[in-house]
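First comes the structure, then the notes that go with it.
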Amino acid sequence: MTPEVLIQHAITAKNRAMAPYSNYSVGAAILTETNSVILGCNVESKAYPTTLCAERVAIFSAISQGFNKFTALALITNDGAFPCGSCRQIIHEYAPDIPIYIADKSADFITKNSSELLPFPFG
Ligand code: THU
């Protein structure tokens, strides 16, 4: 699957974001070794710290559906932001050594890997 197609899946996820407090929607799509695409969006809560990020929703969802080998991850926000620290830790642990396409609202993207995002990881 091309990065562009995986990013289109991430756009679908972003459109499902529940972000009434930040108004900042994030979409993620992770590609499994068997070519399934699992989506994640950020889901915010009235109890703010309970919020979950899109990347972790995608990875935890994939794992809970029985997938644990991944080949690419796409992430999209309006401004092309990089993953937060907590998500970098989870990407490092559960989706290492894969291309991570980080896209903005025009679907322009740059590619990073987990060791670039988290160079001195815990664990
Ligand atoms: N958010 C993500 O979904 N992923 C990140 O890597 C950083 C932040 C979400 C959490 C919250 O719903 C909104 O973006 C603003 O922080």
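Going by this note's numbering, the first residue of the sequence shown is number -2, and it counts up by one from there.
Even for Gly, the Cβ is constructed at its ideal location relative to N, Cα and C.
- Message: According to DSSP, V2 sits in a beta bridge with which residue or residues?
- Response: Indexing the sequence shown from 1 puts residue 2 at position 5. DSSP output for V2 lists no bridge partner at all.
- Message: Considering only DSSP beta bridges, list what F106 is partnered with.
- Response: To locate residue 106, count along the sequence shown from 1; it is residue 109. DSSP, once it has assigned bridges, lists A100 as partnering F106.
- Message: For the pair the segment 12 to 23 and the segment 56 to 76, tell me if three or more CB-CB distances fall below 8 Å.
- Response: yes
- Message: I believe C38 touches C84 by the beta-carbon criterion, under 8 Å. Please report the beta-carbon distance rounded to the nearest angstrom.
- Response: Translated into the one-based positions of the sequence shown, residue 38 becomes position 41. Translated into the one-based positions of the sequence shown, residue 84 becomes position 87. Between C84 and C38 the Cβ distance is about 13 Å, and since that is not below 8 Å, they are no contact.
- Can you tell me which of the three DSSP states A51 falls into? As a first step, residue 51 is located in the sequence shown; it is residue number 54 there, counting from the start. Helix, per DSSP.
- How is A44 classed by DSSP in three states: helix, strand or coil? Stepping through the sequence shown from its first residue, residue 44 is reached at position 47. Looking at A44 - three-state DSSP - the assignment turns out to be coil, as it is neither helix nor strand.
- Out of A16, F79, I107 and T9, state which residue places its alpha-carbon closest to the alpha-carbon of K43. Along the sequence shown, one-based indexing puts residue 43 at 46. Among A16, F79, I107 and T9, the Cα nearest to that of K43 is on A16.
- Exposure label - Y98; buried when at least 16 CB within 10 Å: Position 101 of the sequence shown, counted from the first residue, corresponds to residue 98. Its Cβ being crowded by 16 or more others within 10 Å, Y98 is buried.
- Just to confirm, are A100 and G77 a CB contact at a threshold of 8 Å? Along the sequence shown, read from residue 1 onward, the residue named residue 100 stands at position 103. Along the sequence shown, read from residue 1 onward, the residue named residue 77 stands at position 80. Cβ atoms of A100 and G77: closer than 8 Å.
- Message: On the criterion of 16 or more Cβ atoms from any shown chain inside 10 Å, does I107 qualify as buried, or is it exposed?
- Response: Counting from one through the sequence shown, the residue named residue 107 turns up at place 110. Answer is exposed; the Cβ neighbour count stays below 16.
- State the beta-bridge partners of C38 as determined by DSSP. Position 41 of the sequence shown, counted from the start, is the residue given in the question as residue 38. Answer is G24, bridged to C38.
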